[in-house]
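2 protein chains.
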Amino acid sequence: MAGEEGEGLKVLGLQVSPFVLRVCLALNMKGVSYEYVEEDVSNKSELLLKSNPVHKKVPVLIHNGKPICESPVIMQYVDELFAGRPILPTDPYERATARFWAAYADDKLFPAWYGMVKAQAEEERAEKAKETLAAIEHMEVAFAKCSGGNAFFGGDSIGYVDIVLGSFLFWFEAVRRVFDLEIINASKTPLLAAWAERFVGTVEAKEVLPLPTADMAVQYINKLHAPLPPP
Amino acid sequence: MAGEEGEGLKVLGLQVSPFVLRVCLALNMKGVSYEYVEEDVSNKSELLLKSNPVHKKVPVLIHNGKPICESPVIMQYVDELFAGRPILPTDPYERATARFWAAYADDKLFPAWYGMVKAQAEEERAEKAKETLAAIEHMEVAFAKCSGGNAFFGGDSIGYVDIVLGSFLFWFEAVRRVFDLEIINASKTPLLAAWAERFVGTVEAKEVLPLPTADMAVQYINKLHAPLPPP
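Taken in sequence, the protein lines are chains P and V. So the mapping is simple: the working numbering equals the position in the first sequence, first residue as 1, plus 966. So the mapping is simple: the working numbering equals the position in the second sequence, first residue as 1, plus 966.
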């Protein structure tokens, strides 16, 4: 399945999207190169609309002209297609466990976090913040189970759940700056706090290009909450 | 990976759940036998709570004492563990496409359909019915693409997307009876209408035990909308 590494690989992305970052991290893990195209989501390209007619969203991976959409689908595609370190564990039960926690992050943690970021009312934000913290506490337990005492969810090196959760980290930093909330913190989720430091220090995370930053996420949040221009 | 077929397989289920049906169908596809345990969701068993402490929901597959939760995770686990006909396509791009459409059914079709079923106000139900029909039209297009002119999403025989969508069919029949709405119908979604007839005629669908019925789903809907007992 190797041999065509990097050939005709294009990522349609948005730098501030954690879901796009996942795809870049997955490709970095496999050591394959790709062309990155930043989308203007207020004026989506024909290529994006044609490649993802159902959701019309980034990320899209285009491989030899064929589009693959939705970050969990793309990550698994990349894992199955390219040789190199496996992204998902090789043991079926561990694979199931990794898929379970990745889905948990998408189905519970992400909606709570995004609900908090976009909430206009204080009460709603507090409610969503509470849900976010409850979800991250589950992820702390998950880390203890998945890592088996190693540095990452994936063991000695990063894997599927590391990529999924790690892609949120620059957003968590933005939330800390804007809302003064530490989603991962050393007292309540010490395992994840130590993991997060290790994660951002990995080669895969350092070498993502273009690298998203917490500044960008802060800007995004500020835009969401900017007063409307006068009519 | 085969050789331990059927050994120590237990499904914690609820007959009226399409997600439980998926698991039973996946196991039937592999020809492995299992013990089925019906849960009382108003009084969940210790085994269920211990096996799925995060979501506390069925289905759970317990394999040699180890629990696997969430139907897409379970289906893929069953596929990877047991020999026999593959549930997901073997080609990576086709696998990605199948995962995409299965996720679409869960993320778009299911919430719309369930929103319609539980809506108390007519207006909300009409809105959710519209969303459900829009989602099923996407699935009609998906069928044309995935099946490649064959009988099923999976080609000559049922596969991942067939199981995911097929597990809703008894519920669609219940919706037809209670709300007079044909979610899949011969004029708007002719490919799916023909597919649905073929699906319910497959050995895998016929041999599911215990077999859920539209009557059960009708009962469930009626309970949801029953007037509250006097205080």
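Yeah, the Cβ is synthetic: ideal placement off N, Cα and C, and Gly gets one too.
Determine the closest residue to A1069(P) out of V1127(P), I1040(P), H1021(P), V1184(P), with distance taken between C-alpha atoms. Per the Cα distances, V1127(P).
Please name the residue in R1061(V), E1097(V), A1062(V), T1063(V) whose C-alpha comes closest to that of P1077(V). Distance from the Cα of P1077(V) is smallest, within the candidate group R1061(V), E1097(V), A1062(V), T1063(V), for E1097(V).
Anything in chain V within Cβ reach of Y1043(P), meaning under 7 Å, just list it in chain order. Ordered by position in chain V, the residues that pass the 7 Å Cβ test against Y1043(P) are P1058, A1062.
Same chain, Cβ closer than 7 Å to K976(P), neighbours up to 5 away in sequence not counted: Sequence-distant partners of K976(P) (beyond 5 residues in either direction) whose C-beta falls short of 7 Å from its own C-beta, in its chain, are Y1000, E1001, V1003, I1028.
For K976(V), does the three-state DSSP call read helix, strand or coil? K976(V) falls in the strand class under three-state DSSP.
Own chain partners of A1152(P) with C-beta closer than 6 Å, once the 5 adjacent residues on each side are dropped: Contacts found: A1159.
Here's the rule I'm using: 16 or more other beta-carbon atoms within 10 Å means buried, otherwise exposed. How should R1143(V) be labelled? Residue environment analysis places R1143(V) among the exposed positions, since fewer than 16 neighbouring C-beta atoms fall within 10 angstroms of its C-beta.
Three or more C-beta pairs under 8 Å: does that hold for the segment 1126 to 1140 of chain V against the segment 1057 to 1072 of chain V? Under the Cβ criterion (8 Å, minimum of three pairs), the segment 1126 to 1140 of chain V counts as touching the segment 1057 to 1072 of chain V.
Three-state class that DSSP yields for Y1002(V) in the structure shown: Under the three-state reduction of DSSP, Y1002(V) is assigned to strand.
Three-way DSSP call (helix, strand, coil) for G1081(V) in this model: In the structure shown, G1081(V) falls within a helical segment according to DSSP collapsed to helix, strand and coil.
Cα separation between T1200(P) and A1049(V)? Residue 1200(P) is absent from the model: chain P starts at 967 and stops at 1197.
Is DSSP giving L1027(P) helix, strand or coil here? In the structure shown, L1027(P) sits in a strand (DSSP, three-state: E or B).
If you measure from the beta carbon of R988(P) to each beta carbon in chain V, is any gap under 8 Å? Not an interface residue.
Can you confirm whether I1028(V), when its beta carbon is compared against all beta carbons of chain A, has any partner nearer than 8 Å? In the structure shown, chain A cannot be found, because the protein chains are P and V.
Collapsed DSSP secondary structure at F1134(V) in the structure displayed: Coil.
Is the Cβ of H1191(V) closer than 8 Å to any Cβ of chain P? With 8 Å as the cut-off, H1191(V) does not count as an interface residue toward chain P.
When you compare each of V1107(V), G1114(V), L1014(V) to C1035(V) by their alpha carbons, which one comes out closest? Restricting attention to V1107(V), G1114(V), L1014(V), the CA atom closest to the CA of C1035(V) is found in L1014(V).
Hey, could you find the ends of the alpha helix (DSSP H) P1193(P) is sitting in? In the DSSP assignment, P1193(P) falls outside any alpha helix (DSSP H), carrying neither H nor E.
Between the CA atoms of V1039(P) and L1194(V) - distance to the nearest angstrom: In this structure, the straight-line span from the alpha carbon of L1194(V) to that of V1039(P) is close to 43 Å.
Cβ of I1150(P) within 8 Å of Cβ of F1165(P)? Pairing I1150(P) with F1165(P) gives a Cβ-Cβ distance that is not under 8 Å.
Under 8 Å: do the segment 1049 to 1069 of chain P and the segment 980 to 998 of chain P share three or more Cβ pairs, one atom per stretch? Counting Cβ pairs under 8 Å, three or more are found: they touch.
For a test of the three-state rule: what should DSSP assign to V1038(P), helix, strand or coil? The sequence shown places Pro at residue 1038(P), rather than the Val named in the question. P1038(P) carries a helical assignment under DSSP once its states are collapsed to helix, strand and coil.
Neighbouring residues, chain P, relative to A1069(V) (Cβ below 8 Å): Residues of chain P passing the Cβ test: E1036, P1038, V1039.
Below 8 Å between beta carbons: does that hold for F1119(V) and F1109(V)? Against a cut-off of 8 Å, the Cβ pair of F1109(V) and F1119(V) comes out as a contact.
Have a look at the DSSP bridge pairing and note the partners of G1121(V). Per the DSSP secondary-structure output, G1121(V) pairs in a beta bridge with F1118(V).
If you draw a straight line from the alpha carbon of V1174(V) to that of L991(V), how long is it in whole angstroms? The straight-line gap from Cα to Cα measures roughly 7 Å.
In chain V, which residues lie with their C-beta within 9 Å of the C-beta of E1046(P)? Simply P1058, R1061, A1062.
Whole-number beta carbon distance between E1106(P) and P1058(V), since they are thought to touch under 8 Å: Not confirmed; about 34 Å, so no contact.
Distance between E1163(P) and Q1185(P) (C-alpha atoms, nearest Å): Those two C-alpha atoms are separated by around 23 Å.
Apart from the five residues on each side of it in sequence, which residues of its chain come closer than 8 Å, Cβ to Cβ, to G974(V)? Apart from sequence neighbours up to five positions away, the residues of its chain that approach G974(V) with a beta-carbon distance below 8 Å are I1028, H1029, N1030, G1031, ordered along the chain.
Pull up the DSSP beta-bridge partners for K1096(P), would you. As computed with DSSP, K1096(P) is found in no beta bridge at all.
Closest by C-alpha distance to V989(V), when choosing among A1192(V), A1171(V), A1183(V): Taking only the C-alpha atoms, the option nearest V989(V) is A1171(V).
Contacting residues, own chain, Cβ-Cβ under 7 Å from N1018(P) (five flanking each side not counted): In chain order, V1026, P1033, C1035 place their CB closer than 7 Å to the CB of N1018(P), counting only its own chain and leaving out the 5 sequence neighbours on each side.
Comparing the C-beta of V1020(P) with each C-beta of chain V, is any distance below 8 Å? Flagged as an interface residue toward chain V: V1020(P), by a C-beta distance shorter than 8 Å.
Whole-angstrom distance between G979(V) and K1022(V), CA atom to CA atom: One C-alpha to the other measures close to 12 Å.
In the DSSP output, which residue or residues are listed as bridge partners for P1033(V)? Looking at the DSSP output, P1033(V) sits in a beta bridge with I1028(V).
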